[in-house]
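Written below as structure tokens is the structure these notes are about.
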Amino acid sequence: MTEENIITFDHVSKEFTRADSKEKLQVLKNINLKIHKGSIFGIIGYSGAGKSTLIRCINGIELPDTGKVDFEDIEINHMPKKQLRETRKEMGMIFQQFNLMPSRTVFENVALPIKYSKQSQQQIKDKVLELLKIVGLPDKADAFPSTLSGGQKQRVAIARALVNDPKVLLCDEATSALDPQTTEDIIQLLRRLNHELDITIVVVTHEMQVIEELCDDVAVLDKGKIVEQGDVYSVFVDPKTPLTKKFIATTSKLNLPDEVLNSNLLKLHDNDLLVKVTYISSKAIEPLISAISRKFNVDANIIVGDIKILRGKPLGGLVIILSGKQSDVSGALSYIKEKQVRTEVLASA
Amino acid sequence: MTEENIITFDHVSKEFTRADSKEKLQVLKNINLKIHKGSIFGIIGYSGAGKSTLIRCINGIELPDTGKVDFEDIEINHMPKKQLRETRKEMGMIFQQFNLMPSRTVFENVALPIKYSKQSQQQIKDKVLELLKIVGLPDKADAFPSTLSGGQKQRVAIARALVNDPKVLLCDEATSALDPQTTEDIIQLLRRLNHELDITIVVVTHEMQVIEELCDDVAVLDKGKIVEQGDVYSVFVDPKTPLTKKFIATTSKLNLPDEVLNSNLLKLHDNDLLVKVTYISSKAIEPLISAISRKFNVDANIIVGDIKILRGKPLGGLVIILSGKQSDVSGALSYIKEKQVRTEVLASA
Amino acid sequence: MLSKLFPNVALNYNIFQNSIVQTVEMLIITGIISFLISLIIGVLLVVTKKDGIASNPVVWNILDKIINLFRSIPFIILIAALIPLTRVLSGTAIGVKGTIFPLIVGIVPFFSRQIESALNDLDQGLIESGQVMGLSTFQIIKSIYLKESISNISRVTTITFISLIGLTAIVGVVGGGGIGDFAIQYGFQQNEQDATFACIIVLLVIVTIVQIIGTLVSRKTTH
Amino acid sequence: MLSKLFPNVALNYNIFQNSIVQTVEMLIITGIISFLISLIIGVLLVVTKKDGIASNPVVWNILDKIINLFRSIPFIILIAALIPLTRVLSGTAIGVKGTIFPLIVGIVPFFSRQIESALNDLDQGLIESGQVMGLSTFQIIKSIYLKESISNISRVTTITFISLIGLTAIVGVVGGGGIGDFAIQYGFQQNEQDATFACIIVLLVIVTIVQIIGTLVSRKTTH
Amino acid sequence: GVLSGCGKSSNAAATKTVKVGVVGTTDNSIWAQVNKNLKSEHIHVKLVPFTDGILANQAMNNKELDMVAFQNRAFLENEEKTKHYKFSVIAQTYLTPMNIFSDKIKSIKDLKQGDKISIPNNVTNAGRALKVLEQAGLIKLDPKAGDTPSTSDITENKLKLKIVQQDPAKIMNLLPDVAAGITNSNFVKVAKKDPINDAIYKESFSYSNPANKPWINVIAVRSSDKNNATYKKIVKAYQTKSVTQIYKAKFNHMYTPAFKTNN
Ligand SMILES: Nc1ncnc2c1ncn2[C@@H]1O[C@H](COP(=O)(O)OP(=O)(O)OP(=O)(O)O)[C@@H](O)[C@H]1O
Ligand SMILES: Nc1ncnc2c1ncn2[C@@H]1O[C@H](COP(=O)(O)OP(=O)(O)OP(=O)(O)O)[C@@H](O)[C@H]1O
Ligand SMILES: [Mg+2]
Ligand SMILES: [Mg+2]
């Protein structure tokens, strides 16, 4: 990953006229984006937010009404047709619905983008088989798509998108049709491609898990507007907008449902406090619970835990019951706060 | 929930002949199941495992080759057509693709199953509007499905499935087409219906999260066979088969990728041990970390945490680095084991 | 102006006018009746097919074979062969009344196939959801197959009507009249070019109207 | 046996045999040529439509209107009107050679519409994936539209061939001959029932063969 | 070329093939006899059957046919007039009667007010049928209309008869639907009725009667070919006793020869 931008959006807006009602719909509103060469860039938003429209502006399948989209500093939206086609070959794209050609074998599907190139049959063959190896389907060359599972289909689609040696891979909901296990596999594959082939990846999704596990940077799209963007860790550790918070909440277990809050399990005694502690910076991990247990002689009973390592830094937190003498408990609480950890008292006895 | 069974599968098998190859495919193999009245029963398995076929045997859309399926102790597979239709009215069904009638409004969609019943127009109207209120769409009665979001469509489908006051609600991948937030909403709705209307729900899914958050009991289907079944907590806390473990792993963060294991963050010093501790029974939660910190004067640094409350019982565990004197560390370790918590040393210095 | 551009049409203006009326009559009556019959046959083909909701290979095969048989008979031969039956059914085998029955027999096989393919286009999931609701076969046909296919049905009905207009040009054989026959009598036999053009214009207008109605119905019923 | 069941056919056995040859000739030649032309027009309709990959409302509208115009002309009128052009193109306006051109003009509008709808049935996502690969319009047409629609195209070709068989029965007016004309000459004009039956059987056999081939192609190309 | 040589074998002289446009198959046996008669002349008549005479005439005008033999003078003249053809009659062949038939009534006297009468749906035969009705005293026609009047030329129709035009081949089949019908004799014969004896009204019938001249069938060629020697040989081979014998044998009194046999 460098600081060089491979794709930039400069004040891009676009509206559609609905076929039935003639109503105008502002789908993209003044989008500004910079995507670093070699990075994995995620775009998240609800259905209808304009994610597909945005990613389709990158390879010129949609053209902005105003503003411009640059690819390697050349404007996409005013390219002559032939140049646009050549540029598209530098960007592979994969879709939620795979879009494999049902009447072609896996080999033919992957070979299709270079079918009309100047490469020899042997070159094409070598290239396709190599790619099938990379995506983990070396033995499926002669299978038809209808005989493949969803994950296998997406691998074929990825191989096909890579056959022109693109600089960018555009993924529009590439994992939304897949089950979680298969999603995991595809995410691993994309990360490997990013590392090994140094390919820039743009990912559109509505699944926060995909952003979390795959992306370096993220932009949150809401009704055509980018409401938040930044590197994934910063956004996750300190989301600014309600929408982003909501998305992040879907990956966190720290929000206890009332049912749990009111259960016997969480009965508080005496001076007990129910406290949520969460990381707010990526400072080195310290044995906080051990420290307060000894220093203040309090018991910290972990009710819910949700701490993970994101990009090498800890993220998440715990919900604990602090018990002990009142002074000890409040001492422990302020000790924790000093350590740059956010605390929130959810309930007290 | 009672111990009375509303649906039982008794040695049910079914095979299909593939249209193209004339090959026979054993889709269900000797299935035995008992579904308690009032419970939420989950069936999980990979694509093609036979989940849809299984759930479709319940309302007689598919008929088993051998064995029998009983609904309230009456065999489904040999019912006369008319009785079967009446029985189907006691079971609502919702699908991944919603299957709403595009040419009918939301009201008309929900009213369709009782359109030909003896109820008066007013009764139908009251019923439909009440259900739209229950599913949270009181103001969408006159909208057409094409104008609704995925979650709203599924709510309409649920209302439609409830309009005959069924005893059972069958859900075939009811949330697979929805984003995680909307999935969450639909899960909440289904739980509410189960509680408030005392309706038995059978859920087919490939998402472990759905099982975890929604179901009382679960059966794991693999290539037409049930490989594991039981109440959700027992299965989650102690999965027996590799497939079940794999499914559960998708909901857990405790399996650290090599990338994290080898990172600086986890550099171990002196006598440090990297230990995974997981609950293996639903015993009351104790402040284990505090206890060992004080008792053995060790530091327990929580690297990854994944503890949640499932059905009022704790589930999951922590990955910690234990530091201290060697004897203290091993003392702490055996103390933890005594508390009926499973420990696994992942790495030592 | 008419007499200048279309002198021969002006000369036989009454007959021309009458031909238009006859064509419209034939189209409307035949159209309605064959629509209903084809709807029934089309539905039968769809529900009795393998995997249909009332699968019945015997019925399906008989219908399938009969349709092929009738599609194989040239229309002019069909008209002639049907004369005795037409007389029994319509009271007469001549004139507009005598053309209705052969036109129906001529168009129904094609129409039924079109309806069949329109209904088969319907999402199978909708049918299945009708089954799980406990609807009867008849209720599924009425409330799902037909109701949800209106747009498709109107599209194939347009195609069929245009083919039907082609058939009405042949009914001159039994004195059916109509605009196609007018074109043959005056344009073709008498070499009156203006008559040919006038007829083509009228037919084009009818085709266009049929198409506009079809598109309109289809649009109104698509949500 | 033939002379017993079909005495009049036996009497004119050479002509009958010849008619079959003529029909097959007409079907094959017209079929191939109109298939190619309709494929081109159908493709043009699909790519030039609004939102098509080479959207061009002018071309689309012209094609659309011309097709409607030609579909409005009764076939017999069309044959007569085309005679001068037929002569220029085929060297003669009579006999089998003289029927090819009018048959093509008669069937292409219908055929093009059928091809259009076959191509429109294709999943839009496949076209889009061709675009993102950087394929040219021509490459998308060849490698995606046509290649992926083979099964659909073969289905509509079957339908069209059966309609074409119907048209060949009318070419007797230019001495085109063929089995339909045999039926008209002997069955219709001479009232020889056996001739009519023999012709229908032959046509039914042809229809069935066409349908079997269509189904076969469609099945072979579906994976 | 007008005449296409079609060498049959090396020993004989080349046989000249003459393409003759006909409508229908009725006269096939007659032309078979003519071909027999022509064998020694090395001439072969090849019939080109049409379902409609109009396009046969057009084909001859375009030199795709050498000769046409299906129409009567009235049809020919109407065609020459409307299409500006330059054709010549090189022979008369036969005259067939056009009579009135009915399944319902025994005599035209039984016709009632408003009855339907079927007539052919092509111009000349319709005209001839109207002339027959006039002859029978059922209607009056505008004299200016000539040999081929149409229904709009009816000046008087006391019984208010409804004239229905149909395909002449099917008029006999459609008799049950009308009071009476008029059609060409060959179609009467096809319907297994006698064209003369079964008629409820017979037109006056003799080829020497000038009133019947327009209805005499002829062989026509392009005017430029009227002196063609080959065609003359064909006419000669046609106007023979062998042909009149076939008239008699096959068509009984339906075909009256309209020529004097030359041997
Ligand atoms: N060609 C079009 N014509 C009219 N409206 C369109 C068109 N394409 C998209 N839209 C509308 O633009 C909005 C944004 O669409 P887009 O497909 O970009 O959303 P999305 O975020 O990708 O949603 P999803 O998650 O459902 O794919 C939607 O409301 C959609 O209906
Ligand atoms: N009608 C049928 N004819 C032939 N094979 C069938 C039929 N229905 C299902 N199958 C096959 O049976 C197997 C199980 O299908 P089923 O739909 O029950 O699986 P599933 O677990 O629901 O999968 P998914 O998650 O993809 O919905 C699959 O291999 C499928 O191809
Ligand atoms: Mg999208
Ligand atoms: Mg399924």
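Residue numbers (our numbering), protein chains in the order written: chain A, -9 to 339; chain B, -9 to 339; chain C, 43 to 265; chain D, 43 to 265; chain E, 367 to 629. Ideal Cβ placement from N, Cα and C applies to all residues, glycine included.
Check, Outcome
"Under the assumption that Glu490 of chain E contacts Thr514 of chain E (Cβ atoms under 8 angstroms), give the Cβ distance between them as a whole number of angstroms.", "Going by the sequence as given, residue 490 of chain E is Thr instead of Glu. Confirmed, Cβ separation roughly 5 angstroms."
"For ligand 1, I want to know if Gly40 of chain A counts as a neighbour, meaning its beta carbon is within less than 8 angstroms of at least one of the ligand's heavy atoms.", "yes"
"Would you call Arg8 of chain A buried or exposed, if buried means 16 or more other Cβ atoms sit within 10 Å of its Cβ?", "exposed"
"Hey, how far is the Cα of Thr9 of chain C from the Cα of Gln87 of chain B?", "Past the edges of chain C, shown from 43 to 265, lies residue 9 of chain C, and the structure says nothing about it."
"What does Val381 of chain A touch in chain B if you count any residue whose Cβ is under 7 angstroms from its own?", "Shown here, chain A extends from -9 to 339; a query on residue 381 of chain A therefore has no answer."
"How many angstroms separate the CA atom of Glu203 of chain A from the CA atom of Leu15 of chain A?", "33 angstroms"
"Taking only three categories from DSSP, how would you classify Cys47 of chain A?", "helix"
"Mind pulling the beta strand (DSSP E) runs of 3 or more residues that sit fully within the stretch 208 to 282 of chain B?", "215 to 221 and 263 to 269"
"Output yes if chain D places a C-beta closer than 9 angstroms to the C-beta of Gly367 of chain E; else output no.", "Low per-residue confidence applies at Gly367 of chain E: pLDDT is 30, beneath 50, and the placement is therefore not dependable enough to give any value."
"How about Phe(-1) of chain B: is its Cβ closer than 8 angstroms to a heavy atom in ligand 2?", "no"
"With DSSP collapsed to three states, give me the class of Asn403 of chain E.", "helix"
"Please classify Ser313 of chain A as buried or exposed, where buried requires at least 16 other C-beta atoms within 10 Å of its C-beta.", "buried"
"Rounded to whole angstroms, what's the CA-CA distance from Cys161 of chain A to Val174 of chain D? Just pull it up for me.", "12 angstroms"
"Looking at Gly50 of chain B and ligand 2, is the gap between the Cβ and the nearest heavy atom below 8 angstroms?", "no"
"Mind pulling the chain C residues with CB within less than 9 angstroms of Lys79 of chain B?", "Met175 and Gly176"
"So, at 8 angstroms on beta carbons, what are the nonlocal neighbours of Leu74 of chain B in its own chain, with the 5 sequence-adjacent residues on each side left out?", "Gly50 and Ile66"
"DSSP on Glu158 of chain C, reduced to helix/strand/coil?", "helix"
"How many Å lie between Pro156 of chain B and Arg182 of chain B at the Cα?", "15 angstroms"
"Hey, does Leu540 of chain E have any beta-carbon neighbour from chain C nearer than 9 angstroms?", "yes"
"Rounding to the nearest angstrom, what Cα-Cα distance links Val250 of chain B and Ile299 of chain A in this structure?", "7 angstroms"
"Taking 8 angstroms as the limit between beta carbons, can you name the residues of its chain near Ala39 of chain B, skipping five residues before and five after?", "Leu211, Asp212, Lys213 and Gly214"
"Val217 of chain B: beta carbon under 8 angstroms from a heavy atom of ligand 1?", "no"
"What do you get for Pro116 of chain D, buried or exposed, if any count of 16 or more other CB atoms within 10 angstroms of its CB means buried?", "buried"
"Determine, using beta carbons only, whether Val259 of chain C comes closer than 9 angstroms to chain B.", "no"
"Which bits of chain B does His259 of chain A rub up against, with CB to CB less than 7 angstroms?", "Residues of chain B passing the Cβ test: none, with the nearest at roughly 13 angstroms."
"Indicate the three-state DSSP secondary structure (helix, strand or coil) for Cys205 of chain B in the structure shown.", "coil"
"Cβ of Leu160 of chain A less than 9 angstroms from any chain D Cβ?", "yes"
"Are the C-beta of Lys327 of chain A and some C-beta of chain B separated by less than 9 angstroms?", "no"
"Given 8 angstroms as the limit, tell me if Ser114 of chain C has its C-beta closer than that to any heavy atom belonging to ligand 4.", "no"
"By Cβ distance below 7 angstroms, which residues in the same chain neighbour Glu425 of chain E in space, the five residues on each side in sequence not counted?", "As written in the sequence, residue 425 of chain E is Ala, which differs from the Glu given in the question. So the list reads Gly387 and Leu431, once near-sequence residues are dropped."
"Is the beta carbon of Ser154 of chain D within less than 8 angstroms of some heavy atom of ligand 2?", "no"
"Any heavy atom of ligand 2 closer than 8 angstroms to the Cβ of Asp212 of chain B?", "no"
"Can you give me the Cβ contacts of Met198 of chain B inside the same chain, cut-off strictly under 7 angstroms, excluding the 5 residues immediately before and after it?", "Ile34, Phe237, Ile238, Thr240 and Thr241"
"Which residues in the same chain as Val96 of chain A place their Cβ atom closer than 6 angstroms to its Cβ, once the five residues preceding and following it in sequence are excluded?", "Lys130, Ala131, Ala133 and Val146"
"From Asn89 of chain B to Val194 of chain B, what distance separates their C-alpha atoms?", "17 angstroms"
"Can you give me, in chain order, the residues of the stretch 63 to 79 of chain A that have a beta carbon less than 9 angstroms from any beta carbon in chain D?", "Lys71, Lys72, Leu74, Arg75, Glu76, Thr77, Arg78 and Lys79"
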